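**Student:** Handing you a structure now.
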Amino acid sequence: AELAAGLMEHCGDSLTAPVARVASADVPVPFAPVLENAYRPDAARIVEAVRMLVG
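Basically this note's numbering = 1-based index in the sequence shown + 10.
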């Protein structure tokens with residue numbers, strides 16, 4: 011969130027698209043390691059979000 015806020019604050023006028031956040035699901039944080047890995051955003055979800063932004 012801080013990175014996104016900093017980008018908007020310092021580069022907002024030169025950005026061609028809004029800053030997007032890739033976050034974990036809106037559920038309680040699981041304790042089991044396998045579920046923790048599914049909970050956190052991974053590279054594939056980040057790449058998917060970037061592709062959605064750039065079309």
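Where a beta carbon is used, it is the ideal one built from N, C-alpha and C, also for glycine.
Only a predicted model underlies this, so the values are computations on that prediction, with no experimental measurement involved.
Alpha helix (DSSP H) containing Leu17: first to last residue?
**Tutor:** Here residue 17 refers to the residue found at position 7 when the sequence shown is read from its first residue. Taken as a continuous stretch (DSSP letters only), the alpha helix (DSSP H) holding Leu17 covers Glu12 to Cys21.
**Student:** Out of curiosity, what's the CA-to-CA distance linking Val37 and Pro51?
**Tutor:** Residue 37 sits at position 27 when you count from the first residue of the sequence shown. Residue 51 sits at position 41 when you count from the first residue of the sequence shown. When rounded, the distance between both Cα atoms is 13 Å.
**Student:** According to DSSP, is Ser24 part of a helix, a strand, or is it coil?
**Tutor:** The count along the sequence shown starts at 1 and reaches residue 24 at position 14. Note: Ser24 maps to helix in three-state DSSP.
**Student:** Would you say the segment 14–34 touches the segment 46–61, given that touching needs at least three Cβ pairs under 8 Å?
**Tutor:** Counting Cβ pairs under 8 Å, three or more are found: they touch.
**Student:** I'd like the span of the alpha helix (DSSP H) that includes Arg61, first residue to last.
**Tutor:** Taking the first residue of the sequence shown as position 1, residue 61 is located at position 51. Note, Arg61: alpha helix (DSSP H), Ala53 to Val64.
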